[in-house]
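Line order of the protein sequences matches chains L and C. Quick note: the first sequence, position 101, residue 92 per my numbering, numbers continuous. Quick note: the second sequence, position 108, residue 110 per my numbering, numbers continuous. Heads up, the beta-carbon is just placed ideally off N, CA and C, and yes, glycines get one too. Note that the coordinates shown come from a computational prediction; the quantities given were computed from them, not determined experimentally. First comes the structure, then the notes that go with it.
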Amino acid sequence: MSAPAVSQSGAEDIAIDVRHLTKTFDGRAVVRDLSMQVKRGTIYGFLGPNGSGKTTTIRMLCGLLTPDSGTGTCLGYDILTETEKIKSQIGYMTQRFSLYQDLSVRENLEFVGRIYGIEKPAAAARAAIERLGLSGREDQLAGELSGGWKQRLALGACTLPSPQLLLLDEPTAGVDPKARRDFWNEIHALAADGLTVLVSTHYMDEAERCHEIAYIAYGELLARGTVAEVIAASHLTTYTVSSNDSSVLARLTDELSSAPGIDMVAPFGASLHVSGRDKDALEAAVALYRGRKELDWKPSEASLEDVFIDLMSKAKDNFQ
Amino acid sequence: MTKLIPDEAPRRREGRGFWRKVWAVLIKEFIQLKRDRVSFAMIIMIPLLQLLLFGYAINTTPRNLPTAVLLQENNDLTRAILAALQNTRYFKVTELPKTEAAMDRLLASGKVLFAVEIPANFERAVRRGDKPAMLVAADATDPVAAGSAISALGMAVQTALKHERAVPDSVQMPFEIRTHARYNPAGKTELNIVPGLVGTILTMTMLVFTALSVTREIERGTMETLLSMPITPVEIMLGKIIPYVFVGFIQATMIVLLGVFVFGVPILGSIWSLALLSTLFIASNLATGYSFSTVAQNQLQAMQMTLMYFLPNILLSGFMFPFAGMPVWAQWIGEAMPLTHYLRIVRAIMLKGSSISELQYDALALVVLTLVTMTIAVTRFRRTLD
Ligand SMILES: Nc1ncnc2c1ncn2[C@@H]1O[C@H](COP(=O)(O)OP(=O)(O)O)[C@@H](O)[C@H]1O
Ligand SMILES: [Mg+2]
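Structure follows, in structure tokens:
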């Protein structure tokens, strides 16, 4: 696996630059030797299954956790020694809602405003409430808001001080598709204005909306680059096979899964994605089925999901 | 489409903004306290309840305390004394032991709280003006009861003797009452209790409020947001402590007012000195509670630590037992607790009219203890989630 080189045109262009970060909890390495660079003004997607170390990495970036080893800078400040400066320039949205449930929407926002030294915290909170569409709910206790509104408030709180870097930990988990789309439009508008956004997510469609992505599993960074680069770097060969008869496909799934040379079979609507790491072995395996009349084989490109599942199963063999 | 960030970034103030951040936390804590009905009720109810419970014990004139009387002679005078004892209603003669050993056993077993011994030849000695001794042994584990009963005893017996005309009128006190307060030789007066209660109630409530303040944020998950913001441990601590200084001050005022107007405890010294040193004591307790909260892993642990701290405070501070009567090691422990110093201060100001300059040592001790606990709290405060 080859990671694309990140341009080293100058430190000012890089918002996050960390090298060889390692974090161990109770003797278990949760993040291993992780290096990543995020250019200013980009939306950087951070993907990986649950428990892979995304939250831990984000916490190390903003000084909430101290790495066991490794170095790095965030907005040009050292993540080990200058966390105070980092904190005043970033907005961090935690995975779990962690504003004060017993404070109202307005009180929470005013609190944040005061901590960041905003001149008119009450006015800033009022403006944020309007911007976020929270008008009419400003006096509701945060704990009484529904999930979607809580997320909105959390987002409002971390953007209130106009930070240079946003660290968003699964900001759209459990949010409806319309709100998700709005959210991504907003994020893109922010990035266009020069803000850097690091966002962790589970959703493949969101990954494709990022300028660059990094995929992490079992604490190890397995791939990074643009979506196209990550797919190219996977060296997966993929065929799409379709049929008019869905029962044929169902039976075929089992057959193909155990066939040598085929590493992955994944249903995609009325067709199957069949992928292999070794092009020749895959061709040989597929050749056995080409003769069947009811099947229609087409070479295709691996999807991001195919790539991630493949990376994860490879990583599993290595680490578990 | 809504927009997350304003077109124009909100202006930020220059500089570190130490007090501004303290203020931010302070407002937040006040709002949270206001919303927390249970805590709010506790602020009022704990002092009220404690004071009324203790106050009841203070106010109640002891009645019908079981008493043993050992009469070494039996005649009109001794019978009159016996009747007089009963008449005071303080005493209820429940036993008439025959020997001193039997009387001691009654006292030791707790069957009686008082033992009165009238020696042989008492009447003759009185008539001769020899001032014979009447022996009174009191179980003074309850010093309040013992103290007032003993003073009533002397009066009652003297009156009885006058009626008997056994004594020439010229003699003021024809006999001597030799009291022996067992189990608690210091025999404090009730006035000691109200000032003492100011100290113990403040210790308890202030600890309970702050001991939870950090662990609560950790357990509710809000610590993650708080730590991700540009704020230091000192700012968080002060912001969390200062609201409770007001709370403590209100409590102290409540107790002192009740003490003065309901229980008639005087304030002989300066009320300003009392206010000032009480504030210092409140801050000291808050710092202690807060430092527990930085050490404890969760709210339960914090509560357990508070209880463990509270017990020696009650026992070794001079609230329950006279400080001077404690062994040296216990006195050393006592000196390390804010309550010990505050009890001296509050008793001296209220009951003796002492000034701050006379209380320099204890005031200074409070300052030092406050600073030490605050330092512990700040250094123990975890700046990360590690
Ligand atoms: N404070 C902690 N103590 C011990 N283990 C932790 C702690 N935080 C996270 N972990 C473990 O580290 C692993 C990675 O967690 P996390 O970074 O939250 O993953 P993700 O955000 O990708 O789901 C998980 O197995 C989790 O149980
Ligand atoms: Mg996570």
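Pairwise C-alpha distance: residue j and residue i
i	j	result
residue 199 of chain L	residue 95 of chain L	36 Å
residue 34 of chain L	residue 263 of chain L	31 Å
residue 190 of chain C	residue 320 of chain C	With a pLDDT of 40 at residue 190 of chain C, under the threshold of 50, the modelled position of this residue cannot be trusted; read the value that follows with caution. Answer to the nearest angstrom: the Cα atoms are 11 Å apart.
residue 291 of chain C	residue 339 of chain C	13 Å
residue -1 of chain L	residue 242 of chain L	Summary for residue -1 of chain L: the model assigns pLDDT 44, below 50, so the residue's position carries little reliability; its value from the coordinates is reported in the next sentence. Near 51 Å, if we compare the C-alpha coordinates of residue 242 of chain L and residue -1 of chain L.
residue 379 of chain C	residue 226 of chain L	55 Å
residue 188 of chain C	residue 31 of chain C	Since pLDDT at residue 188 of chain C reaches only 41, below the 50 mark, its modelled position is unreliable, and the value read off the structure follows with that caveat. Going from the Cα of residue 188 of chain C to the Cα of residue 31 of chain C covers about 44 Å.
residue 186 of chain C	residue 343 of chain C	Residue placement at residue 186 of chain C is poorly supported in this model, since its pLDDT is 42, which falls under 50; the coordinates are not used for a value here.
residue 152 of chain C	residue 216 of chain C	51 Å
residue 110 of chain L	residue 117 of chain L	13 Å
residue 254 of chain L	residue 36 of chain L	26 Å
residue 227 of chain C	residue 106 of chain L	11 Å
residue 318 of chain C	residue 335 of chain C	7 Å
residue 322 of chain C	residue 316 of chain C	6 Å
residue 161 of chain L	residue 64 of chain L	23 Å
residue 178 of chain C	residue 203 of chain C	41 Å
residue -3 of chain L	residue 66 of chain L	Any reading at residue -3 of chain L needs caution, since the residue's pLDDT is 43, under 50, leaving its predicted position unreliable; the model's value is listed next. Approximately 17 Å between the Cα atoms of the pair.
residue 365 of chain C	residue 108 of chain L	37 Å
residue 251 of chain L	residue 30 of chain L	42 Å
residue 4 of chain L	residue 157 of chain L	16 Å
residue -8 of chain L	residue 272 of chain L	Annotation note: pLDDT 36 at residue -8 of chain L (below 50); position unreliable, coordinate value reported separately. Each residue's Cα considered, the two are about 19 Å apart.
residue 62 of chain C	residue 377 of chain C	Here residue 62 of chain C scores only 46 on pLDDT, less than 50, and its place in the model is too uncertain to base an answer on.
residue 136 of chain C	residue 111 of chain C	22 Å
residue 371 of chain C	residue 305 of chain C	21 Å
Run of the beta strand (DSSP E) containing residue i, from where it starts to where it stops
i	result
residue 214 of chain L	211 to 216
residue 106 of chain C	Per DSSP, residue 106 of chain C belongs to no beta strand (DSSP E); it is in the alpha helix (DSSP H), 102 to 111.
residue 66 of chain L	Neither: residue 66 of chain L is in no beta strand (DSSP E) and is coded neither H nor E.
residue 68 of chain C	67 to 73
residue 132 of chain C	Counting along the chain, residue 132 of chain C falls outside any beta strand (DSSP E), and DSSP gives it neither H nor E.
residue 251 of chain C	It is not in any beta strand (DSSP E) - residue 251 of chain C instead sits in the alpha helix (DSSP H) that spans 235 to 263.
residue 32 of chain L	Neither: residue 32 of chain L is in no beta strand (DSSP E) and is coded neither H nor E.
residue 30 of chain C	No beta strand (DSSP E) holds residue 30 of chain C; the alpha helix (DSSP H) holding it covers 20 to 37.
residue 325 of chain C	Note, residue 325 of chain C: premise wrong, no beta strand (DSSP E); not H, not E.
Extent of the continuous alpha helix (DSSP H) to which residue i belongs
i	result
residue 203 of chain C	195 to 213
residue 277 of chain L	270 to 281
residue 364 of chain C	362 to 382
residue 118 of chain L	112 to 122
residue 421 of chain C	Because chain C is modelled from 3 through 388, residue 421 of chain C falls outside the range shown and cannot be assessed.
residue 267 of chain L	Per DSSP, residue 267 of chain L belongs to no alpha helix (DSSP H); it is in the beta strand (DSSP E), 262 to 267.
Residue closest to residue i, alpha-carbon to alpha-carbon, out of the options
i	options	result
residue 164 of chain C	C:78, C:257, C:197	C:78
residue 20 of chain L	L:30, L:155, L:48	L:48
residue 211 of chain L	L:79, L:306, L:158	L:306
residue 139 of chain C	C:118, C:286, C:346, C:87	C:118
residue 197 of chain C	C:37, C:348, C:363	C:348
residue 124 of chain C	C:286, C:159, C:283	C:159
residue 88 of chain C	C:101, C:106, C:154, C:133	C:154
residue 85 of chain L	C:367, C:225, C:265	C:225
residue 259 of chain L	L:231, L:114, L:285	L:231
residue 126 of chain C	C:23, C:362, C:74	C:74
residue 26 of chain L	L:32, L:38, L:9	L:9
residue 176 of chain L	L:215, L:197, L:52	L:197
residue 88 of chain L	L:147, L:218, L:76, L:216	L:147
Within chain D, partners of residue i - CB distance below 7 Å
i	result
residue 214 of chain C	As a matter of chain content, chain D is missing from the structure shown, whose protein chains are L and C.
For the stretch 105 to 120 of chain L, which residues have a beta carbon sitting closer than 9 Å to at least one beta carbon of chain C? Listed by position along the chain: 105, 106, 107, 108, 109, 110, 111, 112, 114, 115, 118, 119.
Quick one, which residues of the stretch 18 to 30 of chain L are near chain C if we go by CB-CB under 7 Å, in chain order? The stretch 18 to 30 of chain L vs chain C, Cβ under 7 Å: nothing.
Would you call the stretch 258 to 271 of chain C and the stretch 294 to 303 of chain C touching, i.e. three or more CB-CB distances under 8 Å? The stretch 258 to 271 of chain C is not in contact with the stretch 294 to 303 of chain C.
How about the stretch 220 to 232 of chain C and the stretch 331 to 344 of chain C: do they share at least three Cβ pairs that are nearer than 8 Å? By the Cβ rule, the stretch 220 to 232 of chain C does not count as touching the stretch 331 to 344 of chain C, because fewer than three pairs are nearer than 8 Å.
Please list the residues of the stretch 56 to 67 of chain L that have a C-beta atom closer than 9 Å to any C-beta atom in chain C, keeping them in chain order. Within the stretch 56 to 67 of chain L, the residues whose Cβ lies closer than 9 Å to some Cβ of chain C are 56, 57, listed in chain order.
Taking 8 Å as the cut-off, does the stretch 235 to 255 of chain C touch the stretch 16 to 31 of chain C (at least 3 CB pairs, one atom from each stretch)? In short, these stretches touch, since the Cβ pair count reaches three.
For the stretch 77 to 89 of chain L, which residues have a beta carbon sitting closer than 7 Å to at least one beta carbon of chain C? Within the stretch 77 to 89 of chain L, the residues whose Cβ lies closer than 7 Å to some Cβ of chain C are 78, 79, 83, 85, 87, 89, listed in chain order.
Report the residues of the stretch 223 to 252 of chain C with a CB closer than 7 Å to any CB of chain L, ordered along the chain. Result list: 223, 224, 226, 227, 229, 230, 231, 232, 233.
Near-chain L residues of the stretch 87 to 104 of chain C (beta-carbon distance less than 8 Å), N- to C-terminal order: So nothing in the stretch comes that close.
Stretch pair the stretch 8 to 25 of chain L + the stretch 187 to 198 of chain L: three plus CB contacts closer than 8 Å: No, the stretch 8 to 25 of chain L does not touch the stretch 187 to 198 of chain L.
Counting pairs of Cβ atoms below 8 Å between the stretch 207 to 214 of chain C and the stretch 30 to 50 of chain C, do you hit three or more? Of all C-beta pairs linking the stretch 207 to 214 of chain C to the stretch 30 to 50 of chain C, three or more are shorter than 8 Å, placing the two stretches in contact.
Within 9 Å of chain L by C-beta, residues of the stretch 20 to 35 of chain C in sequence order: Listed by position, the residues of the stretch 20 to 35 of chain C near chain L (Cβ gap below 9 Å) are 22, 23, 25, 26, 27, 29, 30, 33, 34.
Check whether the stretch 289 to 296 of chain L and the stretch 219 to 235 of chain L are in contact - that is, three or more C-beta pairs closer than 8 Å. Yes, the stretch 289 to 296 of chain L touches the stretch 219 to 235 of chain L.
Assess, as a yes-or-no matter, whether the stretch 242 to 257 of chain C is touched by the stretch 127 to 146 of chain L under the definition of 3 or more beta carbon pairs within less than 8 Å. The stretch 127 to 146 of chain L, when compared against the stretch 242 to 257 of chain C, does not touch it at the 8 Å Cβ threshold.
Sufficient close CB pairs (3 or more, under 8 Å) joining the stretch 269 to 282 of chain C to the stretch 349 to 363 of chain C: These segments touch.
Any 3 or more C-beta pairs closer than 8 Å across the stretch 66 to 77 of chain C and the stretch 92 to 101 of chain C: Contact between the stretch 66 to 77 of chain C and the stretch 92 to 101 of chain C is present: three or more C-beta pairs spanning the two stretches fall below 8 Å.
Assess, as a yes-or-no matter, whether the stretch 59 to 74 of chain L is touched by the stretch 37 to 46 of chain L under the definition of 3 or more beta carbon pairs within less than 8 Å. Here the stretch 37 to 46 of chain L does not lie against the stretch 59 to 74 of chain L, with fewer than 3 beta-carbon pairs under 8 Å apart.
Could you list the residues in the stretch 41 to 55 of chain L with a C-beta less than 9 Å from some C-beta on chain C, going in chain order? Here the close residues are 50, 53, 54, 55.
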